[in-house]
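Notes for the one structure printed next.
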Amino acid sequence: MRKVTCFLVFLFLMPLFGAMNVSAEADIGLEETGITMVALRNDSLDLNQDGDIDAVRVVVILNSTTPSTLVDVRLIANHNDREVVVSTTIEIVGQTNASLTYDAWSRGTHELVLGFYDMNGVEISTIDLPTYEMVPAKQIPMLSLQFTGQSNLQTGSSCEINRMFVDETGPLYGALGTLTFTGAPFIVLDNATSIDCSSWPAGEYSLRETYRNELGQTAEASLNLTIENRPAPTFDLVVTGDGLTTDRSCLVAIQPTNSNEDFTPYAKEWDVSTTSVITEGGVYDCSALPAGVHLVVLKVTNLENIASTQAVNIVRLPAAELTIEEQEALPSKSFGEDTSTEDVGWYTITVLGLIVAIVVFILLVRIREDDELLTLPELGPAPQILNDGSPDSEGLPTIVDDEGQLWRKHPDGTLDWWDSTYNIWQRW
11 MRKVTCFLVF
21 LFLMPLFGAM
31 NVSAEADIGL
41 EETGITMVAL
51 RNDSLDLNQD
61 GDIDAVRVVV
71 ILNSTTPSTL
81 VDVRLIANHN
91 DREVVVSTTI
101 EIVGQTNASL
111 TYDAWSRGTH
121 ELVLGFYDMN
131 GVEISTIDLP
141 TYEMVPAKQI
151 PMLSLQFTGQ
161 SNLQTGSSCE
171 INRMFVDETG
181 PLYGALGTLT
191 FTGAPFIVLD
201 NATSIDCSSW
211 PAGEYSLRET
221 YRNELGQTAE
231 ASLNLTIENR
241 PAPTFDLVVT
251 GDGLTTDRSC
261 LVAIQPTNSN
271 EDFTPYAKEW
281 DVSTTSVITE
291 GGVYDCSALP
301 AGVHLVVLKV
311 TNLENIASTQ
321 AVNIVRLPAA
331 ELTIEEQEAL
341 PSKSFGEDTS
351 TEDVGWYTIT
361 VLGLIVAIVV
371 FILLVRIRED
381 DELLTLPELG
391 PAPQILNDGS
401 PDSEGLPTIV
411 DDEGQLWRKH
421 PDGTLDWWDS
431 TYNIWQRW
């Protein structure tokens, strides 16, 4: 009766698991360890429904004569001289089933083998399964570098690079690879999904990222960036109150010439020639400046430490009503015919004139008495040339050497050379 029951169960499972592909050697190997294979089924799958086989599911039903048996079931696939293993460990208590699914990781022929191993990794038995032509459905390694920012980048401009990476096959079989990112001026971590390039210095960048997993699959992405140096801030100074009296308000404000440039984060320093205080801000209150001419200088420094300077002269007139302290602080002012003057002493001028005349007379007398001062200095020997301008050899024989130098010879054999600079004979 027990044999009939097992046979009925087997007939019931046949439509579910297909015909067994079990060799005699495989049955013997399993039976030696007390394991009996009840059924084996392998089905090809089209997970993405593109008409191509992309996965194989293997289901095996095992029975053990011992109360509890642990066995490692492995689905081994060979493709392009690479071996990929999908495994599961099951405890066989009575009749137990195991299911393993192999996903193709590359297009081509995949050879499948079902293996059984004990807990020490010793092979118990293997069964050859059919060979399949497969096309992967899972995402092969893919890299992407996406730039976010304006087209004409300048130093400090908003700039971001998003990194996208997908590898569904490598992690599936424990065949992870390594990412390599090159071309950036600073170190980029492998787990950084976003790169902030707004702080990069000016230059041309050729970014490249590569990936290779242990299955031999590769991916590559590249991106070219050009960052220009940001120019110095350009602005004008708008003055209100120039040429007005000190009791009127006075303001100097910055006005950017480029409406697209934000001056808010820039450093602004005001320097006034008549004061020692340096103030900051976008507007300078010049109402407190005293009467006079003041040079107001504004220095603006952007976030890249590039500075530019503008200056303006401000004239402040004295108010109608001034205190004594304010009047004393005012610069000299002419009131025309009403300007008060002080008389100059004519006697003092006469005395000073006489003193100067006497001093000059004494100096002239002393110079006349000094013969050395009246004698002209020596100007050197007189030129020794004839009326026609040629050198006067004084009857001595002359000769011209190979270099064009004129010489004359004395009776005692000594020589003179003609110095054309001073037109005289020089002793050799």
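In the working numbering, each residue carries its 1-based index in the sequence shown increased by 10. For glycine and all other residues, C-beta sits at the position ideal for the given N, C-alpha and C.
At least three beta-carbon pairs within less than 8 Å, the region 203–210 to the region 169–177: Two segments are said to touch when three or more pairs of C-beta atoms, one from each, lie closer than 8 Å; by this definition the region 203–210 touches the region 169–177.
Terminal residues of the alpha helix (DSSP H) in which Pro-181 lies: Where Pro-181 is concerned, the enclosing alpha helix (DSSP H) starts and stops at 179–182.
Endpoints, the alpha helix (DSSP H) within which Glu-41 is located: For Glu-41, the enclosing alpha helix (DSSP H) starts and ends at 34–42.
Alpha carbon of Val-282 to alpha carbon of Ser-269, nearest angstrom: Per the coordinates, the alpha-carbon of Val-282 lies some 27 Å from the alpha-carbon of Ser-269.
Collapsed DSSP secondary structure at Trp-438 in the structure displayed: Trp-438 falls in the coil class under three-state DSSP.
Stretch pair the region 425–434 + the region 390–407: three plus CB contacts closer than 8 Å: Touching, yes, given that three or more Cβ pairs across the two stretches are closer than 8 Å.
Beta-carbon spacing of Ser-74, Ile-63 below 7 Å: Contact annotation: Ser-74 and Ile-63 have beta-carbon atoms that are not nearer than 7 Å.
Integer Cβ distance of Glu-230 from Leu-153, believed to fall under 8 Å: Contact holds; Cβ gap of about 6 Å.
Residues near Thr-236 in its chain [Cβ-Cβ closer than 7 Å; skip 5 each side]: Closer than 7 Å at the Cβ level, and outside the excluded window around Thr-236, lie Leu-163 and Glu-214.
Local Cβ density within 10 Å of Tyr-135, reported as buried at 16 or more and exposed below that: In the sequence as presented, Tyr is not what sits at residue 135; that position holds Ser. Around the CB of Ser-135, 16 or more other CB atoms lie within 10 Å, so the residue is classed as buried.
Extent of the continuous beta strand (DSSP E) run through Val-262: That run of the beta strand (DSSP E) goes 261–266.
Counterpart residues of Pro-311 in DSSP-defined beta bridges: Rather than Pro, the amino acid found at residue 311 in this sequence is Thr. Bridge partners of Thr-311: Ala-277 and Ala-317.
Cβ pair Leu-189, Asp-177 closer than 7 Å: Their beta carbons are not under 7 Å apart, which means Leu-189 does not touch Asp-177 by this criterion.
Assumed close pair Asp-82, Thr-106 - CB separation to whole angstroms, cut-off 8 Å: Not a contact, Cβ separation roughly 13 Å.
Status (buried if at least 16 other CB within 10 Å, exposed otherwise) for Val-66: That one is buried.
Residue environment, Met-129, which counts as buried when at least 16 other CB atoms sit within 10 Å: Exposed, by the Cβ-count rule.
Contacting residues, own chain, Cβ-Cβ under 6 Å from Ala-34 (five flanking each side not counted): Any reading at Ala-34 needs caution, since the residue's pLDDT is 34, under 50, leaving its predicted position unreliable; the model's value is listed next. If the five residues before and after Ala-34 are omitted, its C-beta is found closer than 6 Å to no C-beta atom of its own chain.
Where Asn-312 falls, given that 16 or more other Cβ within 10 Å makes a residue buried: With 16 or more other Cβ atoms within 10 Å, it is buried.
Neighbour-count burial assignment, Ile-409, 16 or more Cβ in a 10 Å radius: Counting C-beta atoms within 10 angstroms of its own C-beta, Ile-409 has fewer than 16 neighbours from the protein chains shown and is therefore classed as exposed.
Alpha-carbon spacing of Thr-424 relative to Trp-417, whole angstroms: When only Cα atoms are considered, Thr-424 and Trp-417 end up about 10 Å apart.
Three-way DSSP call (helix, strand, coil) for Arg-6 in this model: Any answer about residue 6 is impossible in this case: the structure gives the chain only from 11 up to 438.
Proximity of Ala-114 and Asn-58 at Cβ, strictly below 7 Å: No. Outside cutoff.
Sheet register partners of Asp-295 (DSSP bridge): Residue pairing by DSSP puts Asp-295 in a beta bridge opposite Leu-261.
Cβ distance (whole Å) where Asn-88 is taken to contact Val-68 below 8 Å: For Asn-88 against Val-68, the beta-carbon gap comes to about 15 Å, at or over 8 Å, which does not count as contact.
7 Å Cβ cutoff met for Arg-326 and Leu-299: Yes, Cβ-Cβ distance for Arg-326 and Leu-299 is below 7 Å.
For Asp-56, the nearest candidate out of Val-262, Met-144 and Pro-328 (CA to CA): Closest option to Asp-56, Cα to Cα, is Met-144.
Helix, strand or coil at Gly-363 according to DSSP, with G and I counted as helix: The three-state reading of DSSP puts Gly-363 in helix, counting H, G and I together.
Beta-carbon spacing of Glu-121, Tyr-127 below 7 Å: It is not a contact, given that the beta carbons lie outside the stated cut-off.
DSSP three-state assignment for His-120, whether helix, strand or coil: In the three-state scheme derived from DSSP, where H, G and I count as helix and E and B as strand, His-120 is classed as strand.
Length of the line joining the Cα atoms of Ile-439 and Gly-187: The structure shown has nothing for residue 439, since the chain only spans 11 to 438.
Same chain, Cβ closer than 6 Å to Asp-429, five either side skipped, listed in chain order: Taken in chain order, the residues that qualify are Gln-436.
Leu-1 - containing beta strand (DSSP E), residue span: Past the edges of the chain, shown from 11 to 438, lies residue 1, and the structure says nothing about it.
Distance CB(Val-94)-CB(Arg-84) smaller than 7 Å: For Val-94 and Arg-84, no; Cβs fall outside 7 Å.
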